[in-house]
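S.K.:
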Amino acid sequence: MNFTNDTYVTNSSELEGNEESLAYQTSLAVILFVFTLATTLSNAFVIATIYQSKKLHTPANFLIASLAVTDLLVSILVMPICVLYTVSHTWTLGQVICDIWLSSDITCCTASILHLCVIALDRYWAITDAVEYSKKRTPARAVGMIATAWVIAICISLPPLFWRQVKAEELTECNVNTDHIFYTIYSTFGAFYIPTLLLIVLYGRIYVEARKIILKQSPKKVGKRLTSARLVTNSPGSVASTSPLQCGRHDTHSAARERKATKTLGIILGAYIICWLPFFIYTLVVATCETCFYPELFDFFNWLGYLNSLINPIIYTMSNDDFKKAFHKLLRFRSKHTAERRSRAEHQSGAPERSTRAEQQSGAPERSSRAEHQSGAPERRTRAAHQSRAAEQSSTAAHSWIFTRLITHDR
1 MNFTNDTYVT
11 NSSELEGNEE
21 SLAYQTSLAV
31 ILFVFTLATT
41 LSNAFVIATI
51 YQSKKLHTPA
61 NFLIASLAVT
71 DLLVSILVMP
81 ICVLYTVSHT
91 WTLGQVICDI
101 WLSSDITCCT
111 ASILHLCVIA
121 LDRYWAITDA
131 VEYSKKRTPA
141 RAVGMIATAW
151 VIAICISLPP
161 LFWRQVKAEE
171 LTECNVNTDH
181 IFYTIYSTFG
191 AFYIPTLLLI
201 VLYGRIYVEA
211 RKIILKQSPK
221 KVGKRLTSAR
231 LVTNSPGSVA
241 STSPLQCGRH
251 DTHSAARERK
261 ATKTLGIILG
271 AYIICWLPFF
281 IYTLVVATCE
291 TCFYPELFDF
301 FNWLGYLNSL
311 INPIIYTMSN
321 DDFKKAFHKL
331 LRFRSKHTAE
341 RRSRAEHQSG
351 APERSTRAEQ
361 QSGAPERSSR
371 AEHQSGAPER
381 RTRAAHQSRA
391 AEQSSTAAHS
401 WIFTRLITHD
411 R
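Just so you know, full-length UniProt numbering puts 220 at position 220 of the sequence shown, and the rest follows in order with no gaps.
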């Protein structure tokens, strides 16, 4: 009797454990699937936006499009199979698919990282040698830079295929062989550590050069703004004055622009390093310590690296006004027919509102008219103040626009 009760309790606990495990696997699969779908759609929209907008057909944007294609390949060739493997923790697709999947994973992820270096190098040359590089910045040069990134990525992913041995028993795991410590060092340094060092150096130089350009242009802009302010305020009925407050405002705006530039560079480098650094550190640790491998931790770091493929299109496109306008234009193009049908329906079924508007306008109180007649103060001083503030705001906006162009998307 006691044996039966013990068996019943054991079976019940096992059933509850299986249900919890199934619920966990289902939730994890849904989350990873949504993540994969979002990565696919975001990069596909970037590619479609560049393709539709002729204004974006520049060598610099070709690099952005190539990065989006690379991240799109990650979301199509790598991430769906990784969802299945992460949820089940058992490989059931055979060794051939395993080899293809691992090669695609290493190649596409490495190419994505190297594309970030190519984009940074392109922007660095465009800032430090603007005149000469504008002549060399051609689509053919962009294609050459893209091809170089892919060749390096393929060279890093190929070696494991040569020492891969066919096993007689059924394959239950599909991981890169970390027994070859020299390949692990070669691949991690070639795919991450060296590109990361290059990115830090390039973006550091980009920030310094962009700051120099802004500081050189700022005195000219301030001089023009003060001159225009004097011309406006020296009109009849006004008093010419030059307030030291304008210099303080200029210093404040300069500091704000520098903070914005630092924030932009911090997002670019920070997102990349946060996404990939844990994975490559853990890869080196596992290569030297076999007992340090934990599948759950490895999966987490692996998917954290894939997150970079979702962040890239957001960082490199949404920070640029041309991309925003083209992206919105693409969305409006897709919903054009729906909007036209809605507009026709409103014109046909809705009553005209002209009479109502006319009544509201004709029935307006006459207080504004009396106020105008009673107020004898001239409006020139008010206009001058508005024009001075507008000139200052336009100058600040111009500086901010230049800074954003130099750092986030120099064409």
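C-beta: ideal position from N, C-alpha, C; glycine also.
1) Taking the alpha-carbon positions, what's the I314 to P159 distance?
2) Classify residue 416: buried if its beta carbon has 16 or more other beta carbons within 10 angstroms, exposed otherwise.
3) Using the rule of at least 16 other Cβ atoms within 10 Å of the residue's Cβ for burial, across every protein chain shown, is V69 buried or exposed?
4) Could you work out which residue in A147, I97, D122, T188 is closest to E173 when comparing CA atoms only?
5) Put C155 into one of helix, strand or coil per three-state DSSP.
6) Check this for me: beta carbons of A149 and A111, under 8 angstroms apart or not?
7) Which of the three DSSP states, helix, strand or coil, is assigned to C174?
8) When you compare only the Cα positions, how much space is there between M318 and A326?
9) Do the CB positions of L102 and V176 come within less than 8 angstroms of each other?
10) For F279, which residues in the same chain have their Cβ closer than 7 angstroms to its Cβ, ignoring the five residues on either side in sequence?
11) Compare the Cα-Cα distances from Y24 to each of L202, A120, V87 and report the closest residue.
12) By DSSP, does D129 sit in helix, in strand, or in coil?
13) Please name the residue in T36, A287, P59, H57 whose C-alpha comes closest to that of L77.
14) Nearest-angstrom Cα distance between A38 and N308?
15) Do Y124 and L202 have their CB atoms nearer than 8 angstroms?
16) If I measure Cβ to Cβ from P139 and keep anything under 8 angstroms in the same chain, skipping five residues before and after, which residues do I get?
17) Flag this pair as yes or no: are the beta carbons of A44 and L73 separated by less than 8 angstroms?
18) Expressed to the nearest angstrom, what Euclidean distance is found between the alpha-carbon atoms of K212 and Y272?
19) Measure the C-alpha to C-alpha separation of A168 and L56 and round it to an integer number of angstroms.
20) Our contact map puts T107 next to A65 with C-beta atoms below 8 angstroms; I'd like the distance itself, whole angstroms only.
21) Where does the unbroken alpha helix (DSSP H) through I311 begin, and where does it stop?
22) So residue 420 and T188 are supposed to be a Cβ contact under 8 angstroms. How far apart are they, rounded?
23) Hey, could you find the ends of the alpha helix (DSSP H) L72 is sitting in?
24) State yes or no: is the C-beta of C117 within less than 8 angstroms of the C-beta of L199?
25) Taking only heavy atoms of the ligand COA into account, decide whether any of them is closer than 7 angstroms to the Cβ of T26.
26) Taking the continuous alpha helix (DSSP H) assigned at T184, which residues delimit it?
27) Please go through the same chain and pick out, in chain order, the residues whose beta-carbon is closer than 6 angstroms to the beta-carbon of D299, but skip the five residues on each side of it.
28) Can you tell me where the alpha helix (DSSP H) holding S53 begins and where it ends?
29) Since C82 is in the alpha helix (DSSP H), which residue starts that stretch and which ends it?
30) By Cβ distance, which residues of its chain are closer than 7 angstroms to T90, with the 5 residues on each side in sequence left out?
31) Do you know how far the Cα of P80 is from the Cα of S104?
32) Secondary structure at C117, three-state DSSP: helix, strand or coil?
33) Comparing alpha-carbon positions, which option in S75, I268, E132, Y193 lies nearest V34?
34) If you drop the 5 nearest sequence neighbours on each side, which residues of the same chain put their C-beta closer than 8 angstroms to that of T288?
35) Is it buried or exposed, L114, if we count other Cβ atoms within 10 angstroms and call 16 or more buried?
36) Just verifying my parser: in three-state terms, what is the DSSP assignment at T196?
M.R.: In terms of the structure at hand:
1) Taking the sequence shown and counting its residues from 1, the one referred to as residue 314 is at position 314. Taking the sequence shown and counting its residues from 1, the one referred to as residue 159 is at position 159. Their Cα atoms are separated by approximately 33 angstroms.
2) Past the edges of the chain, shown from 1 to 411, lies residue 416, and the structure says nothing about it.
3) Reading the sequence shown from its first residue, position 69 is the one you call residue 69. By the 10 Å Cβ count, V69 comes out buried.
4) Within the sequence shown, numbered from 1, the residue matching residue 173 stands at position 173. Closest option to E173, Cα to Cα, is I97.
5) Taking the first residue of the sequence shown as 1, we reach residue 155 at position 155. Helix, per DSSP.
6) Here the question's residue 149 lines up with position 149 in the sequence shown. Here the question's residue 111 lines up with position 111 in the sequence shown. A contact, by the Cβ cut-off of 8 angstroms.
7) Counted from its first residue, the sequence shown places residue 174 at position 174. In the structure shown, C174 sits in coil (DSSP, three-state: anything other than H, G, I, E or B).
8) Residue mapping note: residue 318 aligns to position 318 of the sequence shown, counting from 1. Residue mapping note: residue 326 aligns to position 326 of the sequence shown, counting from 1. Rounded to whole angstroms, M318 to A326 spans 11 angstroms at the Cα level.
9) For the purposes of this step, residue 102 is taken as the residue at position 102 of the sequence shown. For the purposes of this step, residue 176 is taken as the residue at position 176 of the sequence shown. Against a cut-off of 8 angstroms, the Cβ pair of V176 and L102 comes out as a contact.
10) Position 279 of the sequence shown, counted from the first residue, corresponds to residue 279. Same-chain partners within the cutoff: F301, N302, L304, G305.
11) Locating residue 24 in the sequence shown gives position 24, where the first residue counts as 1. Closest option to Y24, Cα to Cα, is V87.
12) On the sequence shown, residue 129 is found 129 positions in, with the first residue counted as 1. Residue state, collapsed to three classes: coil.
13) By one-based count along the sequence shown, residue 77 stands at place 77. Minimum Cα distance to L77 is reached at T36.
14) Counting from 1 along the sequence shown, the entry for residue 38 is found at position 38. Counting from 1 along the sequence shown, the entry for residue 308 is found at position 308. Going by the C-alpha atoms only, they are around 12 angstroms apart.
15) For the purposes of this step, residue 124 is taken as residue 124 along the sequence shown, with counting starting at 1. For the purposes of this step, residue 202 is taken as residue 202 along the sequence shown, with counting starting at 1. Going by C-beta atoms, Y124 is nearer than 8 angstroms to L202.
16) Within the sequence shown, residue 139 is the residue found at index 139, counting from 1. Contacts found: P59, F62.
17) Looking up residue 44 in the sequence shown gives position 44. Looking up residue 73 in the sequence shown gives position 73. Against a cut-off of 8 angstroms, the Cβ pair of L73 and A44 comes out as no contact.
18) The residue you call residue 212 lines up with position 212 of the sequence shown. The residue you call residue 272 lines up with position 272 of the sequence shown. Rounded to whole angstroms, K212 to Y272 spans 26 angstroms at the Cα level.
19) The residue you call residue 168 lines up with position 168 of the sequence shown. The residue you call residue 56 lines up with position 56 of the sequence shown. Residue placement at A168 is flagged as unreliable, the pLDDT there being 46, under the threshold of 50; a coordinate-derived value is accordingly withheld.
20) Counted from its first residue, the sequence shown places residue 107 at position 107. Counted from its first residue, the sequence shown places residue 65 at position 65. Incorrect: roughly 19 angstroms between the Cβ atoms, too far for contact.
21) Stepping through the sequence shown from its first residue, residue 311 is reached at position 311. Note, I311: alpha helix (DSSP H), 295–318.
22) Coverage of the chain is limited to positions 1 through 411, which leaves residue 420 absent and any answer about it impossible.
23) In the sequence shown, counting from the first residue as 1, residue 72 sits at position 72. Here the alpha helix (DSSP H) through L72 covers 59–73.
24) The sequence position of residue 117 within the sequence shown is 117, counting from 1. The sequence position of residue 199 within the sequence shown is 199, counting from 1. Yes, these two residues count as a Cβ contact at 8 angstroms.
25) Inclusion of the ligand COA in the displayed structure is not the case, the ligand content being empty and no account of it being possible.
26) Taking the sequence shown and counting its residues from 1, the one referred to as residue 184 is at position 184. Unbroken alpha helix (DSSP H) run through T184: 181–188.
27) The residue you call residue 299 lines up with position 299 of the sequence shown. Once the five neighbours on either side are set aside, the close Cβ partners of D299 are T86.
28) If you number the sequence shown from 1, residue 53 lands on position 53. Neither: S53 is in no alpha helix (DSSP H) and is coded neither H nor E.
29) Here residue 82 refers to the residue found at position 82 when the sequence shown is read from its first residue. Residues 79–88.
30) For the purposes of this step, residue 90 is taken as residue 90 along the sequence shown, with counting starting at 1. Result list for T90: T172, in chain order.
31) Locating residue 104 in the sequence shown gives position 104, counting from the first residue. Locating residue 80 in the sequence shown gives position 80, counting from the first residue. Straight-line Cα distance between these residues: approximately 12 angstroms.
32) By one-based count along the sequence shown, residue 117 stands at place 117. Note: C117 maps to helix in three-state DSSP.
33) One-based indexing of the sequence shown puts residue 34 at position 34. If we check each option's Cα against that of V34, S75 comes out closest.
34) Mapped onto the sequence shown, residue 288 falls at position 288. Only I181 meet the Cβ criterion.
35) Here the question's residue 114 lines up with position 114 in the sequence shown. Classification of L114: buried, given that the 10 Å Cβ count is 16 or more.
36) As a working mapping, residue 196 is identified with position 196 in the sequence shown. In the structure shown, T196 sits in a helix (DSSP, three-state: H, G or I).
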